[in-house]
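S.K.: Quick one: the structure is below, questions incoming.
Numbering (the numbering used here), first residue to last: 45 to 197.
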């Protein structure tokens, strides 16, 4: 097994801890073939996920229950994306991400996650596809200098 496959497999394991009813995304940040931070999509520490909200008897994603598509109705979601949580977890633990690589079991991240990734100093991301979350993400990728590699599992 090569390193890309190993770290992408690990991103799937990390994602499995997500309580998200819509989508499970995991991110693994690596430097020198060592994991330095991980994150999965979920709410802030101590905040219950939507599946545990009082009154959520359908146990459905509140956004999907209202008919929203990916990226819409985010005001009904208490979660942060896995990529942002990986950056936040590193900051919480005083870990510098400059020059690191982030592996994630998804396509190109949204603009908010890309901004966090770039500003944290991560230099490369490895994704499973080049579908853009939004048009701003495409612009950020093309103008930022962030290196993007696609690895098909």
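Even glycine gets a Cβ: it sits at the ideal position worked out from N, Cα and C. Being a predicted model, the structure only gives us computed values, none of them experimental.
Leaving out five residues before and five after residue 166 in sequence, what residues of the same chain have Cβ atoms less than 6 Å from its Cβ?
M.R.: Excluding residues within five positions, the ones whose Cβ falls inside 6 Å are 141, 144 and 146.
S.K.: Mind listing, in chain order, the continuous alpha helix (DSSP H) runs of no fewer than 4 residues lying wholly within the region 159-197?
M.R.: You should have 179-188.
S.K.: Count the other CB atoms within 10 Å of the CB of residue 131; is the residue buried (16 or more) or exposed (fewer)?
M.R.: Looking at its Cβ environment, which holds 16 or more other Cβ atoms inside 10 Å, residue 131 is buried.
S.K.: Might you give, ordered along the chain, the residues of its own chain that have their beta carbon closer than 6 Å to the beta carbon of residue 62, omitting 5 neighbours on each side?
M.R.: Closer than 6 Å at Cβ, skipping near neighbours: 68, 84, 85 and 86.
S.K.: Cα separation between residue 181 and residue 96?
M.R.: Their Cα atoms are separated by approximately 32 Å.
S.K.: Verify whether the separation of the beta carbon atoms of residue 11 and residue 126 is less than 7 Å.
M.R.: The requested residue 11 is not part of the displayed model; the chain covers only 45 to 197.
S.K.: Under a Cβ-count criterion, where at least 16 other Cβ atoms within 10 Å of its own Cβ denotes burial, should residue 45 be classed as buried or exposed?
M.R.: With fewer than 16 other Cβ atoms within 10 Å, it is exposed.
S.K.: Is DSSP giving residue 123 helix, strand or coil here?
M.R.: Residue state, collapsed to three classes: strand.
S.K.: Checking the sheet assignment: what are the DSSP bridge partners for residue 147?
M.R.: Looking at the DSSP assignment, residue 147 forms a beta bridge with 72 and 170.
S.K.: Only counting the same chain, and skipping five residues up and downstream in sequence, which positions put a Cβ closer than 8 Å to that of residue 115?
M.R.: 154, 177 and 178, listed in sequence order.
S.K.: How would you label residue 107, buried or exposed, when you count the other beta carbons within 10 angstroms and need 16 or more for buried?
M.R.: That one is buried.
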